[in-house]
Amino acid sequence: MYQYDDYDQHLLDERVAQFRDQMGRFLAGELSEDEFRPLRLQNGVYIQRHAPMFRISVPYGHLASRQLRKLAELARNHDRGYAHFTTRTNVQFNWPALEAIPEMLAELASVQMHANQTSGNCIRNITADPFAGVAVDEVADPRPFAEILRQWATYNPEFAFLPRKFKIAFNSAAEDRVVLRVYDIGLSLVRNDAGELGFRVLVGGGLGRTPILAEEIAAFVPWQHLISYCEAILRVYNRWGRRDNAWKARIKILVKALGVDAFRREVEDEWALAKDGPSTITEAEFARVAAHFSPPAYDKLPAHDAEFDALLATNKAFANWVKRNVRTHRQPGYASVILSLKKTGTAPGDVSATQMDHIAALADRFSFGEARMLHEQNVALADVRRQDLFALWQEARTAGLATPNIGLLTDIICCPGGDFCSLANARSIPVADALQHRFDDLDYQHDIGELDLNISGCMNSCGHHHVGHIGILGVDKNNEEWYQISIGGTQGNGTTLGKVIGPSFALNEVVGVVEQLLETYVDLRHEDERFIDTVQRLGIAPFKERVYAERQPQRKPAHV
Amino acid sequence: MPSASRKGNPPMSEQLIKNGRVVTDPRLIVTLAEGEAPTDIAVPAGPVLVPLAVWQARREELLARARSGELGVWLAAGEDVAALADDVSLLSVIGLQFPKFTDGRSYSAATLLRTRYAYRGELRAIGEVLRDQFNYMTRCGFDALQPRAGRYSDAQLEAALTSIADFTQPYQHSVKDPLPLFRRVSRENSQEVQA
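Set out below in C-alpha cells:
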C-alpha cells in the first residue's frame, strides 16, 4: 500500500492548515457562505439535514488497519459511533460539528488520510478494481497508475473549478469490477500487440439525471502518457463544457453535443501539443510508486487444504459463506474474502466503530493489515490463507460481518437517501430495510440467485439504480415520496442501463412490486437463468404486465 | 478617477497584488455595456485594459498605445486565447476574467497563454478574484491579482499574500512549476513517513 514520503505529508499538512484558516475566516465572518461553500466542499464538507456531512476519501478503496482504527475513533469522538461506506469508496460521517472538521482533518492526516476533493466541481476520488494485484484475470496492477493520477489530480490548480464534478476509474482485468462505463473517464489497462502496457480510454459516462455510458476515444494510450492524455481531456472540458446549467454541465453532455468523433479530435489536437512534455511519467517514478504495491510476503502453500475441504463438506453455513463471499486468488493457497456490510437491520454500507475495529483486527490477523472497499459497499480482505478462512468466518460472524449474501438480493446498494441527504427526493434506507426483512430467508435468496438491487433516493444516482438488475429511484410527487422501478440494468462488461417499468409506487407498495417481479422471474426462468438473463431474453413486458395488472386503472404516469 | 466599470460590472480595486506585493495601480478596465459596439466606445486616455472585441475591431488605432504598454487587453472567461496568438509579444498586459470565482475557464486560458503562446508580460486576474484562489491562480501563470474594489481592506489584502504560498511543493507541473514533483526533486530517496 502506498506510504507517504515527506513531500506527500507536507502537502497534506499544508492543506489541513489552509482549511483550518479558511474555516476560521468563515466563522469570523470574513468569508461569505457563497465564498466558503466550494472550499468546504473540496474538503468533503456538505451541509446536510441534521448536521454537516463529512466525506473522507479512500483512494482506490485501500485502507490500512491503522486507518480503519482512526475512522473508528473519529466515529466515536465526532459521530454517533458509526460511518457510512459509499459507492465511490468514500467514507461518510453524518453527525460531526462543523467546527470540529479541521481537527478531524488533522487526525486523518496523521494516518495519511484526507477529504481532498471528495465533493465540488473538481476531480474526485479515483477508483480501481478492488481485487487489484490478486485477481486471476488481471492485465496489470492499476494501483501505481491510480496513485500517480491521484497525485496529479490533488490540488491541481488548473482543474479545481470545472463545470461539474469529475470522476475517474481504472479497470485492469478481463472482468470490469468498477462499472467503468459510468465514469467521466474510464481507463482500462490493456496490452497492445507488442505487449506494451497502456490504456483504452473511455469518456463521457455518468449516471444522474441523464444516464449515459462512456464511449471509447482512444484504443491505446501508452502508460507514460497517462497524465498528458487526461490533461488534454480535462482542458477541453474545462474550456468548453457548459456552465450555464448544472444539469447539462457534466462532460457527457459536451461529448454528446460535439459527437464523440469531434470530441476525440479536440482532445487529440490538445494532446499533440502537450504529449512528451514534462508530465510524461518516467520509469523511475513508475518504479517508485509500483514498489509500494509489490505483493506481500505470501507463504508457500499448496493449492488445496484438506482441513478446509473437510469443513466445506460438513458445515453448510460455512460452505454457503464460502460460495457467496470468497473469491479465487492468483496465489496458491490464498483467497479473497468479502465482508458483508448488508446484514438485515443495518442500513447498507453503515459500519459501526466496533465493526471497523473488528475489520482492522481481521485485516491484521489474516490479510497483511489491509482492507479494501468495494463500490457495492462491502469490504474485502484480499490476501487470506485458505486454511484461515474458517477462523476468519467465525470471527466475522461474531462481528456481524459474515452475512453470506454477496451478489444476492439483500446485498443492496443504497444511498443514505432522505433520512440524511438534503438532495434526496425520498428516503432509501427504509426501502432497503423493508426488502431485507421481507427477503431475509437465505434459502429463498439462494434460489433467486444473483441479483443486483440498487436504490437511489434521487436522480443523482449515488445508489447506482440505473445499473441494478432491479433499480429503485425515489421521486417526489407533490411532496410525497414515490418510487420508480426499473429492471434490466447491469454492471460489469455488459454494462446496461435499466428500463423503467412504468408509473411509480408508494413506499408501502415497493416490497410487493419486487415480490411480483421475482415471481414473474421464477415462473418464466429457464434452468440456470439468472433474473437478469430472463429480463434480457423476454424484455420488460411480462414483468410490467404482472406488476400493473391490478394497479393499472387508478394510475397516471409519474414522469413523462 | 473615472469609474472602472460601466453599468453592471463592479469596479476593480486599485490595490492589487503584483509579483507577491501589494501595489497601487489605477489602470482602468474598460467594459462594453449591453448594446455598445466595440467600434463606438471612447477608449479613455491613460493605462487601460480593453475588451478583446475592442482590440480586434480597432487594432490599428490602438497599436501604438499597446506597444507603449499603456493599453492592454482583457478576455472574458470563455473567449479563446488563440485570438491573441499573434499579439503576445506586442502586449505587456493581458487580463483574464473570473465572472464568478467558481468559473475556472481562465485557469486554462492562463496556462495556454503562458505555455503554448509563450506570453511573458503581465497576466492579470480580474473579476471575482479571492484570496483562497491566489495559490492556484499564481501557479497557472497569473502574476497580478486584482480583487474587486471593497472586497478586501488594505490589511486583509496584505494578510492574503500568505495564501499565494498555500502549497509550497505541489505535485503537478504548472506554469509556475514547469516540472512535476517527480522530475523536480529526487523522490526515489525521499523519506517514508511512518504513520
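Listed in order, the protein sequences are those of chains E and V.
According to the working numbering, the residues represented by the first sequence are 15 to 574, in order.
According to the working numbering, the residues represented by the second sequence are -17 to 177, in order.
For glycine and all other residues, C-beta sits at the position ideal for the given N, C-alpha and C.
Would you mind giving the Cβ-Cβ distance between residue i and residue j, rounded to the nearest angstrom? I have them listed as a contact below 8 Å.
{"i": "H128 of chain E", "j": "L26 of chain E", "result": "6 Å"}
{"i": "P177 of chain E", "j": "A263 of chain E", "result": "4 Å"}
{"i": "V274 of chain E", "j": "E229 of chain E", "result": "5 Å"}
{"i": "G471 of chain E", "j": "G488 of chain E", "result": "4 Å"}
{"i": "Y96 of chain E", "j": "D364 of chain E", "result": "5 Å"}
{"i": "A440 of chain E", "j": "D371 of chain E", "result": "Wrong, their Cβ atoms sit about 33 Å apart, outside the cutoff."}
{"i": "S308 of chain E", "j": "V148 of chain E", "result": "The Cβ separation is near 13 Å, so there is no contact."}
{"i": "L73 of chain V", "j": "G103 of chain V", "result": "6 Å"}
{"i": "G123 of chain V", "j": "L112 of chain V", "result": "Rounded, the Cβ-Cβ distance is 18 Å, inconsistent with contact."}
{"i": "A114 of chain E", "j": "H92 of chain E", "result": "5 Å"}
{"i": "D319 of chain E", "j": "Q369 of chain E", "result": "No, D319 of chain E and Q369 of chain E are not in contact; Cβ-Cβ is about 28 Å, not under 8 Å."}
{"i": "R338 of chain E", "j": "L403 of chain E", "result": "About 13 Å separates the two Cβ atoms, so there is no contact after all."}
{"i": "F68 of chain E", "j": "R341 of chain E", "result": "Actually they do not touch by this definition, with Cβ atoms about 32 Å apart."}
Among the residues of its own chain, which have a CB less than 6 Å from the CB of residue i, if the five just before and after it don't count?
{"i": "R(-12) of chain V", "result": "Low local confidence applies: a pLDDT of 44 at R(-12) of chain V is under 50, so the model's placement there is unreliable, and no value is given."}
{"i": "G(-10) of chain V", "result": "A caution first: G(-10) of chain V carries a pLDDT of 46, below 50, which makes its placement in the model unreliable, though a value can still be read off. For G(-10) of chain V, where only same-chain residues beyond five positions count, there are no Cβ hits under 6 Å."}
{"i": "T21 of chain V", "result": "A39"}
{"i": "A167 of chain E", "result": "I137"}
{"i": "K0 of chain V", "result": "A126"}
Taking residue i as the query, report the chain E residues whose CB atoms sit under 9 Å from its CB, ordered along the chain.
{"i": "L112 of chain V", "result": "L45, E49"}
Skipping 5 residues on each side, what residues in its chain have a beta carbon closer than 7 Å to that of residue i?
{"i": "Q179 of chain V", "result": "Any property of residue 179 of chain V remains undetermined from this structure, which presents chain V solely from -17 to 177."}
{"i": "L221 of chain E", "result": "V196, S475, H478, H480"}
{"i": "V561 of chain E", "result": "I515, V527, Q530, L531"}
{"i": "F159 of chain E", "result": "F184, W237, L240"}
{"i": "F300 of chain E", "result": "P158"}
{"i": "F173 of chain E", "result": "C136, I137, L248, N252"}
{"i": "A188 of chain E", "result": "D151"}
{"i": "M473 of chain E", "result": "G222, R223, L487"}
{"i": "W407 of chain E", "result": "F332, W335, A416"}
{"i": "I501 of chain E", "result": "H483, I484, G512, K513, I515, L531, V549, I554, F557"}
Would you decide whether residue i is buried or exposed? Buried here means 16 or more other CB atoms lie within 10 Å of its CB.
{"i": "D148 of chain V", "result": "buried"}
{"i": "T424 of chain E", "result": "buried"}
{"i": "Y60 of chain E", "result": "buried"}
{"i": "S381 of chain E", "result": "buried"}
{"i": "L53 of chain V", "result": "buried"}
{"i": "G431 of chain E", "result": "buried"}
{"i": "L41 of chain E", "result": "exposed"}
{"i": "K82 of chain V", "result": "exposed"}
{"i": "Q173 of chain V", "result": "exposed"}
{"i": "N57 of chain E", "result": "buried"}
{"i": "G51 of chain V", "result": "exposed"}
{"i": "A16 of chain E", "result": "The sequence shown places Tyr at residue 16 of chain E, not Ala. By the neighbour-count rule (16 or more Cβ atoms within 10 Å), Y16 of chain E is buried."}
{"i": "D461 of chain E", "result": "exposed"}
{"i": "P(-16) of chain V", "result": "Confidence is the limiting factor: at P(-16) of chain V the pLDDT is only 37, short of 50, which leaves the residue's position unreliable, though a coordinate-based value still follows. With fewer than 16 other Cβ atoms within 10 Å, it is exposed."}
{"i": "R191 of chain E", "result": "buried"}
{"i": "H76 of chain E", "result": "buried"}
Using a cut-off of 8 Å between C-beta atoms, extract the partners of residue i located in chain E.
{"i": "S172 of chain V", "result": "D19, D20, Y21"}
{"i": "Y101 of chain V", "result": "Those within 8 Å of Y101 of chain V in chain E number zero; the least Cβ separation is about 15 Å."}
Which residues in chain V have a C-beta closer than 8 Å to the C-beta of residue i? List them in chain order.
{"i": "H24 of chain E", "result": "T150, Q151"}
{"i": "W166 of chain E", "result": "Y153, Q154, P162"}
{"i": "L287 of chain E", "result": "R98"}
{"i": "N259 of chain E", "result": "Per Cβ cutoff of 8 Å: no residues; N259 of chain E is ~14 Å from chain V at best."}
{"i": "Q36 of chain E", "result": "D114"}
Report the neighbours of residue i on chain V: residues whose CB is nearer than 9 Å to its CB, in chain order.
{"i": "R54 of chain E", "result": "In chain order: nothing, as chain V lies at least about 11 Å away."}
{"i": "T296 of chain E", "result": "F164, R165"}
{"i": "N135 of chain E", "result": "T84, G86"}
{"i": "R249 of chain E", "result": "S90, T93, L94"}
{"i": "N130 of chain E", "result": "By Cβ distance, chain V contributes nothing, its closest Cβ being about 11 Å from N130 of chain E, past 9 Å."}
Can you find the residues in the same chain that come closer than 8 Å, C-beta to C-beta, to residue i, ignoring five residues on each side of it along the sequence?
{"i": "I426 of chain E", "result": "K356, P362, A446, L449, Q450, L467, N468, I469"}
{"i": "A131 of chain V", "result": "A(-14), P(-8), P(-7), M(-6), S(-5), E(-4)"}
{"i": "P178 of chain V", "result": "Because chain V in this structure spans residues -17 to 177, residue 178 of chain V falls outside the shown range and cannot be described."}
{"i": "W56 of chain V", "result": "I11, L31, V32, P33, L34, I76, G77, L78, Q79, R106, I108"}
{"i": "M119 of chain V", "result": "Y89, A92, A107, V111, L127"}
Name the chain V residues whose beta carbon is nearer than 7 Å to that of residue i?
{"i": "S293 of chain E", "result": "H155, P162"}
So with CB distances below 7 Å, who are the chain E contacts of residue i?
{"i": "Y118 of chain V", "result": "P171, A174"}
{"i": "T6 of chain V", "result": "None at all; the shortest Cβ gap to chain E is about 23 Å."}
{"i": "V12 of chain V", "result": "Neighbours of V12 of chain V on chain E: none; closest Cβ ~24 Å, over 7 Å."}
Quick check for students: name the residue ranges of the alpha helix (DSSP H) that lie wholly in the stretch 519 to 564 of chain E, counting only runs of 4 or more.
524 to 538, 545 to 552, 555 to 562
Please give me, in chain order, every unbroken run of the beta strand (DSSP E) with length at least 3 that falls completely inside the stretch 39 to 121 of chain E.
59 to 61, 66 to 71, 76 to 78, 96 to 99, 104 to 107
Please go through the stretch 193 to 278 of chain E and give each complete beta strand (DSSP E) segment of 3 or more residues, from N-terminal end onward.
199 to 205, 211 to 217, 229 to 236
Taking only runs of the alpha helix (DSSP H) that begin and end inside the stretch 364 to 439 of chain E, which ones reach a length of at least 4 residues, in chain order?
367 to 380, 403 to 412
Which full runs of the alpha helix (DSSP H) of 4+ residues lie inside the stretch 306 to 367 of chain E, going along the chain?
320 to 328, 330 to 339
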